[in-house]
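Trainee: Note that the working numbering has the sequence shown beginning at -8, numbered continuously upward.
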Amino acid sequence: MEQKQKAEEIAVQRMELISPLLVDGIDAAMITQRKREIAEQAGISVRTVGRYLQSYKQEGFEGLKPMPRNTSGNKLPENWDKILAEAIMLRRELPSRSVPQIITILELEGLAEPGVVKRTTLQGHLAANGFSAKQVKQYIKKGVASRRFQKEHRGMLYQGDIKYGPYLPIGANGESKQVYLSAFIDDATRFIVHARFYETQKVDIIEDSLRGAVMRYGKPDAIYVDNGKQYTSDWLTKACAKLGIRLLHAKPFHPEGKGYVKTSVM
């Protein structure tokens, strides 16, 4: 079961890599250019990117899953999830921190036995999760002029967001309780494809919101959301991968492009 889940996670990561190649209307020259960009950012070869794309076209999402291997060596530590989470936090805390430095800190904190975490293994997992040295550099804000951001046609992009709502007497014995607005809006037309108040901010409200938007107005080419835990959840990542929807996240600490829902709904 664990191996099956790991294969699906890898397939989701590969789907995210090739999603810029699946946009309608791009020519062969643009595909070649994007393959190079993806390969450079992910630290893999252009040929590998092409292989992922071909596998997806032939077999869909299942084609992106790795072939099972019967190997007994190079197993990850039992607490690998905790090690990786801590490594990501250390990289986010200080983007210039190198992988060997991260490993040293993990060992000093007692999360990993000396010599257990290999540099290439951790480096590969950081890259797969979007935290390689190159990937983190693009999160650093540079002094550039703001640019207009708007799609040309409906259905190309839905923007999603969660906003704090009012306090309503919906709690036990009429107690006031805050509600939260989860909404998706079409980027080109500013048409609200879903908006509803919920009692919590859990990932369930994103599931309900996206389902409502897709069922009523169709599947978008992409959705654009922030980096909140609801929008970086495994559920949303896998759902978008299986539906063929590109999942785009705003750069951390860059709120400039996240005002549509607030101005259109609130």
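The beta carbon of each residue, even a glycine, is placed where N, CA and C say it ideally should be. This structure is a prediction, so every number in the text was calculated from the model and none was measured.
Taking all protein chains shown into account, decide if Lys48 is buried (16 or more other Cβ within 10 angstroms of its Cβ) or exposed.
Mentor: Stepping through the sequence shown from its first residue, residue 48 is reached at position 57. Lys48 comes out exposed.
Trainee: What's the C-alpha gap between Thr223 and Gly235?
Mentor: Translated into the one-based positions of the sequence shown, residue 223 becomes position 232. Translated into the one-based positions of the sequence shown, residue 235 becomes position 244. Straight-line Cα distance between these residues: approximately 17 Å.
Trainee: Below 8 Å on the Cβ atoms is my guess for Ile29 versus Pro11; work out the distance and round it to an integer in Å.
Mentor: By one-based count along the sequence shown, residue 29 stands at place 38. By one-based count along the sequence shown, residue 11 stands at place 20. That belief holds up - the Cβ atoms of Ile29 and Pro11 are roughly 7 Å apart, short of 8 Å.
Trainee: Check the DSSP bridge columns for Arg237 and list the partner residues they point to.
Mentor: As a working note, residue 237 is residue 246 in the sequence shown. Arg237 is bridged to Ala213.
Trainee: Can you find at least 3 beta carbon pairs, one from the region 66 to 73 and one from the region 6 to 21, that sit closer than 8 Å?
Mentor: Short answer: they don't touch.
Trainee: Quick one: what's got a C-beta closer than 6 Å to Ile161's C-beta in the same chain, skipping five residues either side?
Mentor: Here residue 161 refers to the residue found at position 170 of the sequence shown. Closer than 6 Å at the Cβ level, and outside the excluded window around Ile161, lie Lys168.
Trainee: With distances taken from CA atoms, which of Leu159, Met147, Ser123 and Gly106 is nearest Leu13?
Mentor: Translated into positions along the sequence shown, residue 13 becomes position 22. Ranking Leu159, Met147, Ser123 and Gly106 by Cα distance to Leu13 puts Met147 first.
Trainee: Can you tell me whether DSSP reads Asp199 as helix, strand or coil?
Mentor: Start at 1 with the first residue of the sequence shown, and residue 199 comes out as number 208. It is helical.
Trainee: Expressed to the nearest angstrom, what Euclidean distance is found between the alpha-carbon atoms of Ile176 and Ala232?
Mentor: Position 185 of the sequence shown, counting from 1, holds the residue named residue 176. Position 241 of the sequence shown, counting from 1, holds the residue named residue 232. Looking at the two C-alpha atoms, the distance is approximately 20 Å.
Trainee: Less than 8 Å separating the beta-carbons of Leu44 and Ala2?
Mentor: As a position in the sequence shown, residue 44 is number 53, starting the count at 1. As a position in the sequence shown, residue 2 is number 11, starting the count at 1. No.
Trainee: DSSP three-state label for Glu(-1), please.
Mentor: In the sequence shown, counting from the first residue as 1, residue -1 sits at position 8. Helix.
Trainee: Whole angstroms is fine: what's the gap from Glu104's alpha carbon to Ala124's?
Mentor: Here the question's residue 104 lines up with position 113 in the sequence shown. Here the question's residue 124 lines up with position 133 in the sequence shown. If you take the alpha carbons of Glu104 and Ala124, they lie about 24 Å apart.
Trainee: Output the boundary residues of the alpha helix (DSSP H) element that contains Arg27.
Mentor: By one-based count along the sequence shown, residue 27 stands at place 36. Note, Arg27: alpha helix (DSSP H), Ala19 to Ala33.
Trainee: Under DSSP, the alpha helix (DSSP H) around Gly115 begins and ends at which residues?
Mentor: Along the sequence shown, read from residue 1 onward, the residue named residue 115 stands at position 124. Arg110 to Ala119 is the extent of the alpha helix (DSSP H) around Gly115.
Trainee: Tell me whether Ser224 sits in a helix, a strand or coil according to DSSP, three-state version.
Mentor: In the sequence shown, counting from the first residue as 1, residue 224 sits at position 233. Coil, per DSSP.
Trainee: Measure the C-alpha to C-alpha separation of Tyr171 and Gln221 and round it to an integer number of angstroms.
Mentor: Within the sequence shown, numbered from 1, the residue matching residue 171 stands at position 180. Within the sequence shown, numbered from 1, the residue matching residue 221 stands at position 230. Their backbone Cα atoms lie some 13 Å apart in a straight line.
Trainee: Going by the CB atoms, is the gap between Ala186 and Ala174 shorter than 8 Å?
Mentor: Here residue 174 refers to the residue found at position 183 when the sequence shown is read from its first residue. Here residue 186 refers to the residue found at position 195 when the sequence shown is read from its first residue. The answer is yes: Cβ separation under 8 Å.
Trainee: Does the beta-carbon distance from Tyr189 to Ile196 come in below 8 Å?
Mentor: Mapped onto the sequence shown, residue 189 falls at position 198. Mapped onto the sequence shown, residue 196 falls at position 205. It is a contact, given that the beta carbons lie within the stated cut-off.
Trainee: Looking only at its chain, what residues have a beta carbon closer than 6 Å to the beta carbon of Tyr208, apart from the 5 residues adjacent to it on each side?
Mentor: Translated into positions along the sequence shown, residue 208 becomes position 217. Around Tyr208: Val184.
Trainee: In whole angstroms, give me the CA-to-CA distance for Lys229 and Asn218.
Mentor: Counting from 1 along the sequence shown, the entry for residue 229 is found at position 238. Counting from 1 along the sequence shown, the entry for residue 218 is found at position 227. Each residue's Cα considered, the two are about 16 Å apart.
Trainee: Return yes when the Cβ of Ile93 is within less than 8 Å of the Cβ of Leu113, no when it is not.
Mentor: As a first step, residue 113 must be located in the sequence shown, where it is residue number 122. As a first step, residue 93 must be located in the sequence shown, where it is residue number 102. Yes, they are a contact pair.
Trainee: Can you tell me whether Lys26 is buried or exposed, with buried defined as 16 or more other CB within 10 angstroms of its CB?
Mentor: Within the sequence shown, numbered from 1, the residue matching residue 26 stands at position 35. So Lys26 counts as buried.
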